[in-house]
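As numbered in mature numbering (1 follows the signal peptide of the UniProt record, and there is no 0), residues -19 to -1, 1 to 220 make up the sequence shown, in order. To start, the structure itself, in structure tokens.
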Amino acid sequence: MNKVMMLIIAMMSANSAMAENMAVDEKTANTIRQALPQTSIANINKTPMKGVYELQIGNRLLYSDAQGRFVIRGGEMLDVLEQKNLTRARLEDINRVDWATLPLEKAIVSGDKKAKKKLAIFTDPDCPYCKGLEKTLKELKGVKVYTFLYPLEQLHPRAKAKSEAIWCSKNRHETLQKVMLEGYKAKEATCKTPIADIAALARKLNITGTPGLIAGDGRRMSGAPRTAKELQDWVSGSQ
């Protein structure tokens, strides 16, 4: 037998051994499939990490434990049984804001001013999503709302002047709503405003877009919920 043939046989043997080592016992495979009945799993293989299995779904790969309860997808760990994204939940905890550190005296107060539940919003008067959120806030129940004026001048050149005019008006919340929802042109600002301080706070909190939401327990959200119910449920959270 020549050397080339011997090399081919050796490679085939190695590949066969590797495939055998990657094979999953039938009991484990069945357990994983039963735990994920809605998922069309083509193949289940072992991985170099003990107790972690590779699930081939079309041209995508997921990773699972032997029970199929914990799945890693796109870098995020999911608890299938509890239907919970563990990675997002952990990041939510890490990124919580200490409510006591917020300069509430620099915010416009609205909503139920006697409510225990609280919500802080960083808003830009020219931001379309902020305008949508402002409409949604009218349906929010039992929540005290603090609105920080955070104009993004690079996107909305006139937003800073509008924010200053809102802050210097006699009724800030009423003016805010009229400017955002009715296109009202407020009188030019004639007072000192906290706009620069709010921008510095937003940078410190890594709030780069609007609207930015902070619940009373420090949870954060970027963007606006689609419905009033979603917002109500999110604000309620664990407060």
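We put the CB at the ideal spot given by N, CA and C, even for glycine.
Query                                                                                                                                          : Result
Whole angstroms is fine: what's the gap from G164's alpha carbon to C108's?                                                                    : 12 Å
Are the beta-carbon atoms of F51 and A88 separated by less than 9 Å?                                                                           : no
Comparing C-alpha positions only, which one of E120, L133 and K185 sits nearest to Q213?                                                       : E120
Which first and last residues belong to the beta strand (DSSP E) in which I89 is found?                                                        : I89 to G92
So for R153, helix, strand or coil by DSSP?                                                                                                    : helix
Using beta-carbon positions only, say whether G49 and Q15 come within less than 9 Å of one another.                                            : yes
Between I22, K143 and T191, which lies nearest to E169 when the distance is taken from Cα to Cα?                                               : K143
I'd like the list of long-range same chain contacts for E73, defined as Cβ closer than 8 Å, with 5 residues on each side in sequence excluded. : R200 and R201
What would DSSP say about G113, mapped onto helix, strand or coil?                                                                             : helix
Of the residues D93, K99, C111 and E7, which one's Cα is nearest the Cα of S203?                                                               : C111
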